Amino acid sequence: MRLNITCIPGDGIGPEIVTQAKAVLNAVADRFGHELHYTDILMGGASIDACGEPLTDDAIAQAKAADAVLMGSIGGNTSTSPWYQLPPDKRPEAGLLRLRKSLNLFTNLRPAFLYQELRAACPLKEEISVAGFDIMIMRELTGGLYFGERKTVVENGVRKAVDTLTYDENEIRRIAVKGFDIACKRKGKVTSVDKANVLDSSRLWRKVVEEVAADYPDVTLEHMLVDNCAMQLVKNPAQFDVILTENMFGDILSDEASMVTGSIGMLPSASLNETKFGLYEPSHGSAPDIAGLDIANPIATVLSAAMMLRYSFDLDREADVIETAVQTVLRDGYRTVDIMSPGCTQVGCSEMGALLVKRISE
Numbered sequence: 003m004r005l006n007i008t009c010i011p012g013d014g015i016g017p018e019i020v021t022q023a024k025a026v027l028n029a030v031a032d033r034f035g036h037e038l039h040y041t042d043i044l045m046g047g048a049s050i051d052a053c054g055e056p057l058t059d060d061a062i063a064q065a066k067a068a069d070a071v072l073m074g075s076i077g078g079n080t081s082t083s084p085w086y087q088l089p090p091d092k093r094p095e096a097g098l099l100r101l102r103k104s105l106n107l108f109t110n111l112r113p114a115f116l117y118q119e120l121r122a123a124c125p126l127k128e129e130i131s132v133a134g135f136d137i138m139i140m141r142e143l144t145g146g147l148y149f150g151e152r153k154t155v156v157e158n159g160v161r162k163a164v165d166t167l168t169y170d171e172n173e174i175r176r177i178a179v180k181g182f183d184i185a186c187k188r189k190g191k192v193t194s195v196d197k198a199n200v201l202d203s204s205r206l207w208r209k210v211v212e213e214v215a216a217d218y219p220d221v222t223l224e225h226m227l228v229d230n231c232a233m234q235l236v237k238n239p240a241q242f243d244v245i246l247t248e249n250m251f252g253d254i255l256s257d258e259a260s261m262v263t264g265s266i267g268m269l270p271s272a273s274l275n276e277t278k279f280g281l282y283e284p285s286h287g288s289a290p291d292i293a294g295l296d297i298a299n300p301i302a303t304v305l306s307a308a309m310m311l312r313y314s315f316d317l318d319r320e321a322d323v324i325e326t327a328v329q330t331v332l333r334d335g336y337r338t339v340d341i342m343s344p345g346c347t348q349v350g351c352s353e354m355g356a357l358l359v360k361r362i363s364e
């Protein structure tokens with residue numbers, strides 16, 4: 003199979019971790035007989051430095067021409083980088099927002115998986131962490147409060163700000179379909195999270211999700227209010243499979259879920275459109291303070307590449323091989339500095355990549 007992948011190395015540690023993800027993908031391609039074709043484009047601070055803007059029209063065109071996009075991290079130190087002296091629409095993160103909009107990436111997938119080898123890093127009580135958890139948070143990415151009409155005005159001498167939360171049934175239905183489709187690949191359970199006891203938008207959300215559920219008789223649907231879900235994530239995370247929710251709730255819950263895994267350096271993510279096209283990136287930032295030191299953890303980016311194989315190319319077996327390699331390396335006691343614990347062997351970014359390639363090639 004020929005896989006056309008656009009890569010965005012990005013800023014900070016981005017080029018280092020993308021290099022290791024490519025090495026892992028190449029090992030998988032060699033093992034299973036696939037042909038990989040990479041095209042690198044600039045985005046974020048690197049694009050500002052080279053082109054004067056965080057994302058060019060040509061870069062967008064090259065991303066659209068690919069089967070999938072694999073991205074490192076973008077941005078820099080917001081206190082010291084000259085990138086953050088620019089207007090907001092010219093800063094590194096503006097490139098990512100424009101790319102998401104240009105590619106119509108309305109579904110965000112954020113797995114939260116607790117490796118038993120890293121259980122000691124989980125902040126939850128041992129009687130909770132011992133059960134483990136494997137959650138997929140699916141966040142609607144292009145609607146809701148973040149994209150509604152907004153304004154700040156002065157009325158009768160008082161400043162007032164207005165943000166509008168809107169969803170139509172088509173926006174809800176398409177993310178719900180994605181959620182149920184992915185639940186079919188997992189444990190077959192969807193927890194739809196809303197605030198239907200207060201918000202009209204949530205009541206519509208719940209109604210449309212129930213309509214979609216009728217087409218998936220083998221998937222169990224439950225509804226949960228967002229405040230209860232936030233509590234349940236720290237009380238009993240093992241109960242969840244797919245959490246399906248709107249933009250702002252998903253933003254908050256996915257960050258909460260990332261922390262109970264013990265290290266954000268282990269967490270991949272994906273953003274999908276109506277087709278199998280997706281943008282795959284680690285959940286963490288660009289960590290400019292450690293860029294170039296070869297100590298970054300590449301595993302989140304490597305696991306993002308595994309998600310790319312699974313969701314954009316339907317190569318489940320190949321994705322399984324990557325995920326198994328990660329578990330094996332952790333079981334063998336190798337750790338980057340962010341997940342280091344007593345009795346383990348500390349390795350750098352490039353050595354961690356080499357260890358994963360070795361396990362895949364064996």
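In terms of our numbering, the sequence shown opens at residue 3 and continues consecutively.
Beta carbons: idealized from backbone N, C-alpha and C, even for Gly.
It should be emphasised that the depicted structure is a prediction, and the values quoted were computed from it without experimental measurement.
(request) Give every residue of the same chain whose Cβ lies closer than 6 Å to the Cβ of residue 62, excluding the five residues on either side of it in the sequence, and list them in chain order. (result) So the list reads 104, once near-sequence residues are dropped.
(request) Please name the residue in 75, 199, 312 whose C-alpha comes closest to that of residue 30. (result) When each option's Cα is compared against that of residue 30, the closest is 312.
(message) In whole angstroms, give me the CA-to-CA distance for residue 56 and residue 66.
(response) The straight-line gap from Cα to Cα measures roughly 17 Å.
(request) Determine, using beta carbons only, whether residue 336 and residue 72 come nearer to each other than 8 Å. (result) Taking a C-beta distance under 8 Å as the contact criterion, residue 336 and residue 72 do not qualify as a contact pair.
(message) In whole angstroms, give me the CA-to-CA distance for residue 24 and residue 95.
(response) Distance between the alpha carbons of residue 24 and residue 95: 23 Å.
(request) Look at residue 43 and residue 64 and say whether their C-beta atoms are less than 8 Å apart. (result) In terms of Cβ geometry, residue 43 and residue 64 form a close pair [threshold 8 Å].
(request) Using beta-carbon positions only, say whether residue 111 and residue 135 come within less than 8 Å of one another. (result) If you check the CB distance, residue 111 and residue 135 do not come in under 8 Å.
(request) Output the distance between the C-alpha atoms of residue 125 and residue 70, rounded to the nearest integer angstrom. (result) Cα to Cα, residue 125 sits roughly 35 Å from residue 70.
(message) If I follow the unbroken beta strand (DSSP E) through residue 95, where does it start and stop?
(response) No beta strand (DSSP E) contains residue 95, which is instead part of the alpha helix (DSSP H) from 94-104.
(message) Per DSSP, what are the beta-bridge partners of residue 6 in this structure?
(response) Partner(s): 39.
(request) Look at the alpha carbon of residue 278 and the alpha carbon of residue 177, and state the distance between them as a whole number of angstroms. (result) Computed Cα separation, rounded: 13 Å.
(message) Check for me: the alpha helix (DSSP H) holding residue 182 runs from which residue to which?
(response) Boundaries of the alpha helix (DSSP H) harbouring residue 182: 171-187, taken from the DSSP string.
(request) Determine, using beta carbons only, whether residue 290 and residue 14 come nearer to each other than 8 Å. (result) For the pair residue 290 and residue 14, the CB atoms are nearer than the 8 Å cut-off.
(message) With H, G and I counted as helix, E and B as strand and the rest as coil, what does DSSP make of residue 302?
(response) In this structure, residue 302 counts as helix in the three-state DSSP scheme.
(request) Counting only runs of 4+ residues fully inside the region 291-353, write out the alpha helix (DSSP H) ranges in chain order. (result) Segments of the alpha helix (DSSP H) lying fully in the region 291-353: 301-313, 318-333.
(request) Spell out the partners DSSP gives residue 110 in its beta bridges. (result) Paired residue(s): 141, 273.
(request) Kindly identify the DSSP beta-bridge partner or partners of residue 68. (result) BP columns for residue 68 are empty, so no partner.
(request) Using a threshold of 8 Å, state whether the C-beta atoms of residue 146 and residue 45 are closer than that. (result) Going by C-beta atoms, residue 146 is not nearer than 8 Å to residue 45.
(request) Under 6 Å Cβ to Cβ from residue 218, same chain only, skipping five residues before and after it: list those, please. (result) Sequence-distant partners of residue 218 (beyond 5 residues in either direction) whose C-beta falls short of 6 Å from its own C-beta, in its chain, are 182.
(request) Using a threshold of 8 Å, state whether the C-beta atoms of residue 120 and residue 332 are closer than that. (result) Contact: yes.
(message) Please identify the residue among 348, 346, 338, 347 whose C-alpha is closest to the C-alpha of residue 19.
(response) Considering only alpha carbons, the answer is 338.
(message) Which residue wins for smallest C-alpha separation from residue 172, given the options 154, 203, 198?
(response) Among 154, 203, 198, the Cα nearest to that of residue 172 belongs to 203.
(request) Name the two residues that bound the continuous beta strand (DSSP E) containing residue 163. (result) Element bounds for residue 163: 160-165.
(message) Quick check: residue 143 and residue 102, are their CB atoms within less than 8 Å of each other?
(response) Closer than 8 Å, so yes.
(request) Measuring only between beta-carbons, confirm whether residue 276 sits less than 8 Å from chain B. (result) No chain B appears in the structure shown, which is made up of a single protein chain.
(request) Would you check if the distance between the CB atom of residue 139 and the CB atom of residue 114 is smaller than 8 Å? (result) For residue 139 and residue 114, yes; Cβs fall inside 8 Å.
(request) Report the option in 196, 168, 222 whose CA atom is closest to the CA atom of residue 190. (result) For residue 190, the nearest C-alpha among the options comes from 222.
(message) Once the 5 residues before and after residue 287 are set aside, which same chain residues still bring their CB inside 6 Å of it?
(response) Taken in chain order, the residues that qualify are 75.
(message) Tell me the residue span of the alpha helix (DSSP H) that contains residue 255.
(response) Taken as a continuous stretch (DSSP letters only), the alpha helix (DSSP H) holding residue 255 covers 249-262.
(message) Applying the 10 Å Cβ sphere with the 16-neighbour rule, what's the burial state of residue 263?
(response) It counts as buried.
(request) Return the first residue and the last residue of the alpha helix (DSSP H) that residue 49 is part of. (result) It spans 47-53 - the alpha helix (DSSP H) in which residue 49 sits, taken as one unbroken run.
(message) Can you tell me whether residue 295 sits near the ligand HEM, meaning its C-beta is under 7 Å from at least one heavy atom of the ligand?
(response) In terms of ligand content, the structure shown is empty, and the ligand HEM therefore cannot be addressed.
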